[in-house]
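A.B. asks: Let me begin by handing over the structure; questions about it come next.
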Amino acid sequence: MTSNDTELAPLEFSVTKNLAARPAAQREEVLKSPGFGTTFTDHMVDVCWSARGGWHRPRVQPYGPISLDPAAAVLHYGQEIFEGIKAYRHADGSVHTFRPEKNAERLQRSARRLALPKLPTEYFLQSLREIIAVDGDWVPSGADQSLYLRPFMFAKEAFLGVRPAQKVAYYLIASPAGSYFTGGVKPVRIWLSETHARAGKGGTGAAKTGGNYASSLLPQAEASDKGCDQVVFLDQDGNVEELGGMNVVFVFKDGHIVTPQSDSILEGITRDSLLQLAEDRGHTVERRAFSLKEWRDGVASGDIVEVFACGTAAVVTPIGALVSAGFEDAQPIGELALSLREELTDIQYGRREDKHGWLLRLDA
Ligand SMILES: *Cc1c(COP(=O)(O)O)cnc(C)c1O
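Counting in this note's numbering, the sequence shown tops out at residue 438, every number present.
The following block contains the structure:
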């Protein structure tokens with residue numbers, strides 16, 4: 075399979091420039107304070123797939139509405155997957171992304187679980203280069219700013235029967251992103267959802283698919299009602315899974331680190347990278363089942379000295395409290411989370427040596 079990928083002929087993208095692209099002054103105005111996920115660049119990438127023709131009609135075109143048949147399978151049965159990855163501007167003006175082959179591979183794993191076609195890694199990387207080629211000026215240069223890239227794939231075949239779609243679309247859109255936290259990184263309050271599950275054994279928890287997010291919205295609303303910022307989910311055995319969109323990491327007094335592992339957790343690339351940096355510093359990392367009881371006992375005894383959440387959008391967020399219907403446990407705040415955050419973002423923004431070869435330049 076891998077040898078197939080390397081021999082793949084590159085896609086030949088047709089490029090249609092957006093004649094209504096915003097002028098530089100307007101773009102610069104947006105980039106001063108881009109927020110998150112509300113403004114989009116002038117172009118998008120799309121590639122079609124059909125059971126007969128494979129991947130075809132690769133295009134770069136003006137950003138705009140997608141026309142879909144009302145019977146498109148995604149609207150009825152949710153056959154959809156996505157990714158989230160950022161492009162960073164370095165001090166010399168160059169544009170880089172971080173471990174994109176990991177996102178490509180995860181998109182392939184998600185595709186497999188949702189019975190969608192495999193987008194070859196090379197095509198995925200090409201799509202990132204194509205969007206930067208037309209919209210590279212949209213990569214902001216302010217502190218903690220980036221261009222958030224959102225690749226996604228969905229079943230567009232007009233057919234109400236239930237089976238894997240034979241017509242699929244892959245898109246890539248881009249959205250300038252500011253610092254996730256206005257006014258510094260603040261510890262979050264986490265609501266323990268005891269009535270709702272995010273995923274089940276053998277389910278789609280390990281795939282990055284919209285359905286997982288749809289089912290997290292009600293518990294998330296419940297969390298907000300209880301004065302919390304995010305939800306943490308447990309599996310059916312009482313083991314900690316993750317937040318709706320971020321992985322969780324526990325730091326112990328003796329320096330070892332534990333993070334939950336199971337087939338119902340989405341394997342974050344941010345987590346993997348932070349834990350690699352921690353191992354480089356001499357920390358031992360265990361990836362295993364981790365129960366709520368271990369969490370609560372560890373905090374009560376002082377064995378656990380820090381708990382944090384991580385993901386591409388917010389990078390690292392310390393957890394300040396675990397709240398449920400029956401208890402509220404204040405969480406200890408340490409220094410490792412923020413120190414790893416700084417090391418990781420230093421690499422991403424080119425301020426520190428990229429020893430692991432994680433960066434890929436996109437604008438050359
Ligand atoms: C995307 C995502 C994460 C974080 O993954 P990163 O690769 O670090 O961005 C964690 N949990 C869920 C459910 C996700 O969808």
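Cβ coordinates follow ideal geometry from the N, Cα and C atoms, glycine included.
What do you get for residue 303, buried or exposed, if any count of 16 or more other CB atoms within 10 angstroms of its CB means buried?
C.D. replies: That one is buried.
A.B. asks: Have a look at residue 201 and residue 119 and give me their C-alpha separation to the nearest angstrom.
C.D. replies: Looking at the two C-alpha atoms, the distance is approximately 7 Å.
A.B. asks: Per the DSSP calculation, residue 244 is bridged to which residue(s)?
C.D. replies: Beta-bridge pairing links residue 244 to 121, 227.
A.B. asks: Does ligand 1 have a heavy atom nearer than 6 Å to the CB of residue 386?
C.D. replies: At least one heavy atom of ligand 1 is nearer than 6 Å to the Cβ of residue 386, so yes.
A.B. asks: CB residue 436 to CB residue 171, shorter than 7 Å?
C.D. replies: Contact: yes.
A.B. asks: Which residues in the same chain as residue 179 place their Cβ atom closer than 8 Å to its Cβ, once the five residues preceding and following it in sequence are excluded?
C.D. replies: So the list reads 195, once near-sequence residues are dropped.
A.B. asks: With 16 as the cutoff for other CB atoms within 10 Å, does residue 175 come out buried or exposed?
C.D. replies: Exposed, because fewer than 16 other Cβ atoms sit within 10 Å of the Cβ of residue 175.
A.B. asks: Is residue 340 near ligand 1, judged by its Cβ being under 6 Å from some heavy atom?
C.D. replies: At least one heavy atom of ligand 1 is nearer than 6 Å to the Cβ of residue 340, so yes.
A.B. asks: Assuming the contact rule is C-beta atoms closer than 8 Å, residue 351 and residue 418 should be a hit. Round their C-beta distance to whole Å, please.
C.D. replies: The pair is a contact, with the Cβ atoms about 6 Å apart (cut-off 8 Å).
A.B. asks: Counting only the same chain and skipping the five closest in sequence on each side, list residues whose C-beta sits under 6 Å from that of residue 361.
C.D. replies: These residues qualify, in order along the chain: 333, 335.
A.B. asks: CA-CA distance, residue 215 and residue 345?
C.D. replies: Distance between the alpha carbons of residue 215 and residue 345 is about 25 Å.
A.B. asks: Measuring straight from C-alpha to C-alpha, what distance separates residue 82 and residue 261?
C.D. replies: C-alpha separation (whole angstroms): 46 Å.
A.B. asks: Quick check on the DSSP output: the alpha helix (DSSP H) that includes residue 97 runs from which residue to which?
C.D. replies: From DSSP, residue 97 is part of no alpha helix (DSSP H); its letter is neither H nor E.
A.B. asks: Taking residue 438 as the reference, give the member of 107, 243, 168 with the closest Cα.
C.D. replies: It is 168.
A.B. asks: Rounded C-beta distance between residue 87 and residue 134? I'm assuming under 8 Å.
C.D. replies: That belief holds up - the Cβ atoms of residue 87 and residue 134 are roughly 5 Å apart, short of 8 Å.
A.B. asks: Please classify residue 264 as buried or exposed, where buried requires at least 16 other C-beta atoms within 10 Å of its C-beta.
C.D. replies: Buried.
A.B. asks: Between 308, 384, 287, which lies nearest to residue 367 when the distance is taken from Cα to Cα?
C.D. replies: Comparing Cα-Cα distances from residue 367 to each of 308, 384, 287, the minimum goes to 308.
A.B. asks: Tell whether a beta-carbon distance below 7 Å holds between residue 111 and residue 386.
C.D. replies: Their beta carbons are not under 7 Å apart, which means residue 111 does not touch residue 386 by this criterion.
A.B. asks: Comparing C-alpha positions only, which one of 165, 311, 270, 315 sits nearest to residue 294?
C.D. replies: If we check each option's Cα against that of residue 294, 270 comes out closest.
A.B. asks: Kindly identify the DSSP beta-bridge partner or partners of residue 331.
C.D. replies: Its beta-bridge partners are 325, 359.
A.B. asks: Got a sec? Which residues, its chain only, sit under 6 Å from residue 422 by beta carbon, not counting five neighbours each side?
C.D. replies: So the list reads 162, 172, once near-sequence residues are dropped.
A.B. asks: Determine the extent of the alpha helix (DSSP H) in which residue 208 is found, giving its start and end residues.
C.D. replies: Counting along the chain, the alpha helix (DSSP H) containing residue 208 begins and ends at 195-209.
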